[in-house]
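See below for the structure under consideration.
Written out as structure tokens, the structure reads:
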């Protein structure tokens, strides 16, 4: 059973997705498949699938729509599986187009308002800004928390603020960076190897979630299905599974359609 | 949640899994990749299986694919789960050998995070243990596809054991938890709730009852679902299960029908 707080968070995530990819939020609460054209403003994917556990929404680059409609599996929620997405990749390859399939991720919404965090002795918790994040990114230590310079995630442009746990010498022990994802504020987290296993990951995630709520935004936590430790961090920080998304991206964006 | 219980359950799962897929338990606890040969007597009919408990990644493959798998550069090790790195090239290699395989991206595996408490059965409902005959008579409806398996799933049919079915006041099955043999000392739980009875909290009743049944049989309950099955993940968590492993499997098509 879920809480009204969680349901409100989930609904806000549905609204954010719907506004971004051009479907109705109600498409997520049916048990049907909805296919919409990918908005021109989102050129980094060719096929995106999202489900909150009921309806499945596919946002498709128009040139692939006919292929997708012809190969939708039954039941439709399998559209996020290789049976459709890898099939599109294979079809692209036969046509000389390089494409990649990103398998379904597990994405989380807050189940309750996070309590204030207790800071361990000798540490300080600091709210960090974009400038701090950009400088720290150069150290290549926080792939999830801050991203990599010139990385595929384009975190230089998406990072907004974050929470960093600093040791007595002022060095970051754990970093939860907050970045824009389809109108939501997503949290990425890393803990320095020497500080793992002490609960610092969920501490900075909770701190970041409190910042996001205070700023009036919707928190999102996402991780790969094979990142088991990250899933346990999400649960420990007060999140519950909310939706799953998968995508096919094509290396070379299609030319802009003629006016 | 009791972290000590969780650690013990993960340890037990790792030991069982290591014996089943032919690796060392230390391979799961490393931060590296291990490629091992699928044991001849492995109960699971896979061509390739990738497993992680959150740190090391293990790839277990049928002997005839080992050389191919070892020829692929997988760096860092957890990228083994990324389709373009291993699974897609593996499927292409199988096609080149005129072998058809099916594969699916990483799934989620759960173990009890502590003692799983059973939930009282709702008034008017009854819980009954059913066997093969009941399964046969309800398989084709696909209403309980997780609890009973899909009609054309040969592997699920071989591993299916029994089910606990919650019958409603009208005598119709409202929810079911199926038991599947999972390795040597685990019992996998698959759950479904009939459409008319969803949202009433029936899934946790049958799941926790089956977990208790597993414990009574000296087996550890396990729970699996796809990352896209959001409601199933929340059911697992609400019953006291915690994410423990992730796995991806490639099977020869004849084993998946």
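Chains as they are written, first to last, in our numbering: chain A, 115 to 373; chain B, 15 to 271. Ideal Cβ positions, reconstructed from N, Cα and C, are used throughout, including at glycine. Keep in mind it's a predicted model, so treat the numbers as computed, not measured.
Chain-ordered neighbours of residue i on chain A, where CB pairs are closer than 8 Å
i                      : result
residue 256 of chain B : 346 and 349
Residue i versus residue j: straight-line alpha-carbon distance, rounded
i                      : j                      : result
residue 214 of chain A : residue 180 of chain A : 19 Å
residue 32 of chain B  : residue 199 of chain B : 13 Å
residue 115 of chain B : residue 62 of chain B  : 10 Å
residue 70 of chain B  : residue 200 of chain A : 26 Å
residue 142 of chain B : residue 117 of chain A : 31 Å
residue 133 of chain A : residue 205 of chain A : 30 Å
residue 282 of chain A : residue 236 of chain A : 5 Å
residue 212 of chain A : residue 149 of chain B : 45 Å
residue 347 of chain A : residue 151 of chain B : 43 Å
residue 36 of chain B  : residue 73 of chain B  : 10 Å
residue 370 of chain A : residue 335 of chain A : With a pLDDT of only 48 at residue 370 of chain A, under the threshold of 50, the placement of this residue in the model should not be trusted; the figure read from the coordinates follows. Going by the C-alpha atoms only, they are around 33 Å apart.
residue 42 of chain B  : residue 140 of chain A : 42 Å
residue 248 of chain A : residue 257 of chain A : 12 Å
Contact check, residue i vs residue j, beta carbons under 9 Å
i                      : j                      : result
residue 100 of chain B : residue 64 of chain B  : yes
residue 351 of chain A : residue 320 of chain A : yes
residue 224 of chain A : residue 354 of chain A : yes
residue 281 of chain B : residue 157 of chain B : It is not possible to answer for residue 281 of chain B, since the shown part of chain B is limited to 15 through 271.
residue 52 of chain B  : residue 76 of chain B  : yes
residue 103 of chain B : residue 139 of chain B : no
residue 194 of chain A : residue 173 of chain A : no
residue 276 of chain A : residue 245 of chain A : no
residue 361 of chain A : residue 216 of chain A : yes
residue 359 of chain A : residue 221 of chain A : yes
Which of helix, strand or coil DSSP assigns to residue i
i                      : result
residue 212 of chain A : coil
residue 356 of chain A : strand
residue 96 of chain B  : coil
residue 194 of chain B : strand
residue 169 of chain B : helix
residue 189 of chain B : strand
residue 246 of chain A : helix
residue 91 of chain B  : helix
residue 239 of chain B : strand
residue 231 of chain B : coil
residue 126 of chain B : strand
residue 214 of chain B : coil
residue 32 of chain B  : helix
residue 315 of chain A : helix
Cutoff 9 Å: residue i Cβ touching any chain B Cβ
i                      : result
residue 368 of chain A : At residue 368 of chain A, the pLDDT of 49 sits below 50, so the modelled position is not reliable; the number obtained from the coordinates is stated separately. False, the Cβ-Cβ gap to chain B never drops below 9 Å.
residue 208 of chain A : no
residue 152 of chain A : no
residue 258 of chain A : no
residue 148 of chain A : no
Neighbouring residues, chain B, relative to residue i (Cβ below 7 Å)
i                      : result
residue 200 of chain A : 97 and 102
residue 323 of chain A : By Cβ distance, chain B contributes nothing, its closest Cβ being about 18 Å from residue 323 of chain A, past 7 Å.
residue 358 of chain A : 241, 242 and 244
residue 191 of chain A : 242
residue 214 of chain A : 98
Where residue i meets chain A, residues with beta-carbon distance less than 7 Å
i                      : result
residue 260 of chain B : 339, 340 and 342
residue 110 of chain B : In chain order: nothing, as chain A lies at least about 14 Å away.
Where residue i meets chain B, residues with beta-carbon distance less than 9 Å
i                      : result
residue 167 of chain A : 242, 243, 244, 245, 246, 247 and 248
residue 144 of chain A : Within chain B, no residue comes near residue 144 of chain A; the closest Cβ sits about 13 Å away, beyond 9 Å.
Partners in chain A for residue i, counting only beta-carbon separations shorter than 9 Å
i                      : result
residue 68 of chain B  : 340, 341, 342, 343, 344, 345 and 346
residue 251 of chain B : 349, 354 and 355
residue 118 of chain B : 195, 196, 197 and 217
CB contact check: residue i to chain A, cutoff 9 Å
i                      : result
residue 92 of chain B  : yes
residue 191 of chain B : no
residue 208 of chain B : no
residue 71 of chain B  : yes
Chain-ordered neighbours of residue i on chain B, where CB pairs are closer than 8 Å
i                      : result
residue 220 of chain A : 122, 241 and 247
residue 116 of chain A : 248
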